[in-house]
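Trainee:
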Amino acid sequence: MSSPQIFNAYLDDDAVREEHAAGERAEVDALIEQAESEWAAADRAEQARVSRMFTDQPRARRAHRRADRTVLRKLPDLLRPLGAPASLTRRSADAVELDIANAERRYVVDALARCLEENERLRGELDAANDAVWELLAELDDAGRA
């Protein structure tokens, strides 16, 4: 074989290798683009979720009211085993507002009741219910520490 033929054979092999490498590079670039677009889509979805969680005030207020209604609905049943008066129901009070905050594993409860009838009997029952709530929260706190 003469030297121009050998040289042309090497050129042909190099050209084939370059074409093959270019095809592989294109496949790798396409995979990288696809992965980046998937990551960007996942990031946008996560940002939207976090944004809704922290900035959607009406939704947060509705969720807070829903949680408050649930607590108020369950309150008489929760207090009954602790000796709360049987007359403490939703019908006996105009409103019972509970603000329960968990700060440093302490439960703070502020129970404010505005009664339909302003009389001492109902106030005494509400005081007993308030004491029962404090006892229940103390038991929950003790159980949480154990």
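Numbering (UniProt numbering) for the sequence shown: 1 to 146.
Cβ coordinates follow ideal geometry from the N, Cα and C atoms, glycine included.
1. Within the 7 Å Cβ cut-off, does Lys74 reach chain B?
2. Buried or exposed for Ala132, going by 16 or more other Cβ atoms inside 10 Å?
3. Using 10 angstroms around the beta-carbon of Asp127, count the other beta-carbons present and answer buried if the total reaches 16, otherwise exposed.
4. Can you give the Cα-Cα distance for His64 and Ser51, rounded to whole angstroms?
5. What would DSSP say about Asp56, mapped onto helix, strand or coil?
Mentor: Looking at the atomic coordinates:
1. Absent from the structure is chain B; it holds one protein chain and no more.
2. Taking the first residue of the sequence shown as 1, we reach residue 132 at position 132. Label assigned to Ala132: buried.
3. Stepping through the sequence shown from its first residue, residue 127 is reached at position 127. With fewer than 16 Cβ atoms within 10 Å of its Cβ, Asp127 is classed as exposed.
4. Here residue 64 refers to the residue found at position 64 of the sequence shown. Here residue 51 refers to the residue found at position 51 of the sequence shown. Using only the alpha carbons, I get a separation of about 18 Å.
5. By one-based count along the sequence shown, residue 56 stands at place 56. If DSSP states are grouped into helix, strand and coil, Asp56 belongs with coil.
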